[in-house]
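Going by this note's numbering, the sequence shown opens with residue 13, and the numbers climb by one from there.
Every residue, glycine too, gets a C-beta built ideally from N, C-alpha and C.
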Amino acid sequence: MSTFADLLKCDPIDMDTVAAHLDALPHDERVKQVRRVGGGLQRKLFAAAQGFKALDHAYYVPEATDDKTFVRHYGKNSLPLFSIFEKRFARPEPESPVMWGYNHSSMMPLVGPGHFVLRTGPGDGEMHVDYYSTPPERLDGAPKLKANDSGISTLVYGHMIDVMRGVSDHVSIGRAVKKGARTANYFLLCREGAA
Numbered sequence: 013m014s015t016f017a018d019l020l021k022c023d024p025i026d027m028d029t030v031a032a033h034l035d036a037l038p039h040d041e042r043v044k045q046v047r048r049v050g051g052g053l054q055r056k057l058f059a060a061a062q063g064f065k066a067l068d069h070a071y072y073v074p075e076a077t078d079d080k081t082f083v084r085h086y087g088k089n090s091l092p093l094f095s096i097f098e099k100r101f102a103r104p105e106p107e108s109p110v111m112w113g114y115n116h117s118s119m120m121p122l123v124g125p126g127h128f129v130l131r132t133g134p135g136d137g138e139m140h141v142d143y144y145s146t147p148p149e150r151l152d153g154a155p156k157l158k159a160n161d162s163g164i165s166t167l168v169y170g171h172m173i174d175v176m177r178g179v180s181d182h183v184s185i186g187r188a189v190k191k192g193a194r195t196a197n198y199f200l201l202c203r204e205g206a207a
């Protein structure tokens, strides 16, 4: 049986087949397969996903989620080390035009939580994880607010936007843009839950 990684090795990638495969998996298996995909295939998927599945705020924080409650997205980035992480998103108030969030990982004590604001991107159904902005207040369950433009946090999160594209009902792919320049850093996210 083909895995997510196997399907990404096809040329070109059949995005409908990829989405159907991911949607059919139980949550734990979906996370496992997402976290087995390396940087080269992530780069290929990011290009293939352009315009495929439009994203919105409800994709990251489903409407049934209580306000100020974090939704976990299990991640795998393209870095050779410390590649397992989570992004956690919350709706700060009813009908908010943005979501708030932070990065959770084993490196958080060193590099900081990378607080961000999730915004609608300029087109093609993309969303932007904006590290230039930080939430104006800390929600319960979030680490202490810290700006991304000081100390070692600057190297990791400073002057950065993650461009997000949709892959399936639970999985999205991102690419980091630093100071307006596209980088070779990619990552996958898998939202918690079956729905």
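Status (buried if at least 16 other CB within 10 Å, exposed otherwise) for residue i
i    : result
I164 : exposed
G124 : buried
T195 : exposed
S162 : exposed
E75  : exposed
L130 : buried
Q62  : exposed
G205 : exposed
Cβ-Cβ distance between residue i and residue j below 8 Å
i    : j    : result
G50  : F199 : no
V183 : C202 : yes
L157 : K80  : no
T77  : R42  : no
A31  : V179 : yes
H33  : F16  : yes
L57  : N197 : no
G113 : F128 : yes
E138 : L53  : no
A188 : M172 : yes
Boundaries (first-last residue) of the alpha helix (DSSP H) holding residue i
i    : result
T29  : 27-36
M111 : Per DSSP, M111 belongs to no alpha helix (DSSP H); it is in the beta strand (DSSP E), 111-116.
P121 : 120-123
D18  : 16-20
For residue i: DSSP bridge partner residues
i    : result
L67  : Partner(s): none; L67 has no beta bridge.
L201 : G87, S184
Span of the beta strand (DSSP E), counted from its first residue to its last, around residue i
i    : result
L130 : 128-132
Beta strand (DSSP E) runs contained entirely in the stretch 168-199, provided each spans 3 or more residues | Look at the stretch 168-199 and you find these whole runs of beta strand (DSSP E), each 3 residues long or longer: 172-178, 183-190.
Segments of 3+ residues assigned as beta strand (DSSP E) that fall wholly inside the stretch 55-103 | As far as the stretch 55-103 is concerned, its whole beta strand (DSSP E) runs of at least 3 residues are 83-89, 96-102.
Which runs of the beta strand (DSSP E), 3 residues or longer, sit entirely within the stretch 134-159?
-> Counting whole runs of 3 or more residues, the stretch 134-159 contains the beta strand (DSSP E) stretches 139-142.
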